[in-house]
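For reference, the structure discussed in these notes is given below.
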Amino acid sequence: IIDQALADLPIDMQNGTKLGSDDAPVKLVQFEDFQCPHCLTYTLNIEPFLVEEFVKAGLVQIEFRHYPVVGRESVTAAVASECAAEQNRMFEYANRLFAKQAEEDFRPDQGVFTEENLVELAGELGLDTDEFAACQARPDALSPVARGQSAAQAYGFRGTPNFVINDLPVQAPPQTIEAWREMIEDAIAAVTAEDEADEEGEDESDAGDDDGS
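Just so we're aligned, residue 1 is where the sequence shown starts under this note's numbering, counting upward by one.
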């Protein structure tokens, strides 16, 4: 299933840690941990649907942020994904990390996500491994991961995955495709209604200016 999700990924829509158009009316931020089984479930069952139905249509932009709560290798994997993001391959790389978690013998913090293994995985995807390894070794490599963790805690999140839609935290993340579709469509409708109200206000203002001239 992960391989199919990777095949269907619009790789040309990747930009750093974001997937989709900057003009999308709905901005979905997902806080995840690469060793979290619930994040794997979301990546297998929900994210491909969101990409196919909403991201490719220009309606949703997804941003990947980190909340490493499971263990130390959650952090090394998060740093590695940020290094993949620097080469605009974040979502492809993230799917590969989740594919590793999906393997039957996977156990958290048992050496799957060592820095060496993570570089090797980058090479399998065709990334520049020298650049990737240099990124991992930078003194500030942890900074984006720490920022994600701080943001997640500021929203009151205690686990993963958790989500923010247009700056508002999702209080109870949906568990089904149907519930996700309804939530995203409601968010699109809210933005559309707000835009229409703004346009009406501008039209009334213009009309008032015309009457006064």
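No residue lacks a Cβ here, since even glycine has one placed at the ideal position from N, Cα and C. Model, not experiment: these values are computed from the prediction.
Beta-bridge pairing of Glu82 - partner residues as DSSP gives them: The partner list for Glu82 (beta bridge, DSSP) is empty, contrary to what the question assumes.
C-alpha gap between Ile177 and His38, whole angstroms: 15 angstroms
Beta-carbon spacing of Ala84, Val60 below 8 angstroms: no
Integer Cβ distance of Val79 from Val145, believed to fall under 8 angstroms: 6 angstroms
Cβ contact check for the stretch 170–187 and the stretch 37–52: 3 or more pairs under 8 angstroms: yes
Val51 and Asp8 closer than 8 angstroms at C-beta: yes
Three-pair Cβ contact test at 8 angstroms for the stretch 153–166 versus the stretch 99–113: no
Gln171, DSSP secondary structure in three states: coil
Cβ-Cβ distance between Asn88 and Gln30 below 8 angstroms: no
Buried versus exposed, by CB contacts within 10 Å (16 or more), Thr160: Classification of Thr160: buried, given that the 10 Å Cβ count is 16 or more.
Residue range of the unbroken alpha helix (DSSP H) whose run includes Glu120: Where Glu120 is concerned, the enclosing alpha helix (DSSP H) stretches over Glu115 to Glu124.
Contained alpha helix (DSSP H) runs [length at least 4] in the stretch 6–60, N- to C-terminal order: 37–45 and 47–50
Which of helix, strand or coil DSSP assigns to Asn162: strand
For Arg65, the residue or residues it bridges with in DSSP: Phe31
Spatially closest choice to Glu86 from Ala134, Ser74, Gly71 and Arg107, by CA coordinates: Ala134
Status (buried if at least 16 other CB within 10 Å, exposed otherwise) for Glu116: exposed
Residue from Pro139, Glu63, Gly58 and Asp109 whose Cα sits closest to the Cα of Asn219: An answer regarding residue 219 cannot be provided, because it is not within the stretch 1 to 213 covered by the chain.
Local conformation of Glu97 per DSSP, three classes: It is worth fixing the name first, because residue 97 is Leu in this sequence and not Glu. Note: Leu97 maps to helix in three-state DSSP.
First through last residue of the alpha helix (DSSP H) which encompasses Phe106: First-last for Phe106: undefined, no H or E at that position.
Proximity of Arg72 and Asp109 at Cβ, strictly below 8 angstroms: yes
Of the residues Asp195, Thr192, Glu194 and Val170, the one placed nearest Met226, counting alpha carbons only: As shown, the chain starts at 1 and ends at 213. That puts residue 226 outside it, with no answer to give.
Proximity to Leu168 [Cα-Cα], best of Lys27, Asp128, Ser150 and Glu131: Lys27
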